[in-house]
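Residue numbers (the numbering used here): 3 to 199.
Every residue, glycine too, gets a C-beta built ideally from N, C-alpha and C.
What you are looking at is a predicted structure, and each value in this text was computed from that prediction instead of being measured.
Have a look at the structure below, then the notes.
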């Protein structure tokens with residue numbers, strides 16, 4: 003039986019299937035249109051997401067909003083989630099810095115991602131970054147080589163991966179950032195192509 007997103011969110015709140023729950027403020031479940039034709043899957047919540055309990059509301063989320071707008075895609079009509087539902091971090095000074103989730107943590111959270119997909123039934127799934135691509139497409143998937151290419155998947159008719167917006171935030175040079183932003187917008191434009199196909 004397919005559960006509602008509200009039921010899933012409640013169940014995920016109590017999840018302790020990997021150690022990440024212990025240092026996180028809360029479980030950050032997906033959010034957005036429960037009947038969305040498009041699902042965006044990121045890596046994990048960041049510091050702001052962990053505090054607010056919503057995905058993509060920090061600096062990477064704001065960059066994603068800009069890229070979606072440039073691609074002509076309305077975030078209001080999307081469902082946005084992460085492959086991992088708890089913030090994995092390390093303390094540096096007074097700041098909590100992102101730490102990449104381990105495969106066992108991605109695997110522990112996979113049940114929630116699968117349940118979200120089964121409930122929303124998206125037509126298009128966009129993986130943002132390598133952790134999301136490994137969770138949705140395959141453990142061997144390389145975003146650097148295969149980004150912007152549709153791949154076969156039992157989860158949705160159209161699935162592809164692109165850069166995670168946080169990767170752009172880490173680039174030092176303005177020119178490099180601008181090129182990467184244009185690539186991200188180009189990839190996100192595939193959403194409209196898939197929806198019209």
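Beta-carbon proximity check, residue i vs residue j, cutoff 8 Å
i, j, result
"residue 87", "residue 29", "yes"
"residue 85", "residue 148", "no"
"residue 69", "residue 124", "no"
"residue 19", "residue 98", "no"
"residue 190", "residue 75", "yes"
"residue 181", "residue 115", "no"
"residue 170", "residue 183", "yes"
"residue 118", "residue 10", "yes"
"residue 83", "residue 57", "yes"
"residue 72", "residue 145", "no"
"residue 230", "residue 101", "Nothing about residue 230 can be read from this structure; the chain reaches only from 3 to 199."
"residue 14", "residue 31", "yes"
Local conformation of residue i per DSSP, three classes
i, result
"residue 20", "coil"
"residue 83", "strand"
"residue 126", "strand"
"residue 39", "coil"
"residue 112", "helix"
"residue 186", "helix"
"residue 44", "strand"
"residue 9", "helix"
"residue 92", "strand"
"residue 104", "coil"
"residue 26", "coil"
"residue 99", "strand"
"residue 63", "helix"
Inter-residue CB distance, residue i and residue j (contact presumed, cutoff 8 Å)
i, j, result
"residue 66", "residue 167", "5 Å"
"residue 128", "residue 40", "7 Å"
"residue 80", "residue 34", "5 Å"
"residue 7", "residue 121", "6 Å"
"residue 52", "residue 89", "4 Å"
"residue 126", "residue 173", "Not a contact, Cβ separation roughly 27 Å."
Chain D within 8 Å of residue i, Cβ atoms only
i, result
"residue 176", "Included in the structure is just one protein chain, with no chain D present."
Residue i: CB within 7 Å of a non-hydrogen atom of the ligand MG
i, result
"residue 167", "This structure lacks the ligand MG; in fact it carries no ligand of any kind."
Pick out the complete alpha helix (DSSP H) segments inside the stretch 131-176, 4 residues or longer, and give them in chain order. 132-138, 145-148 and 167-171
Check whether the stretch 128-139 and the stretch 102-113 touch, using three or more Cβ-Cβ pairs below 8 Å as the test. With the cut-off at 8 Å, the stretch 128-139 and the stretch 102-113 touch.
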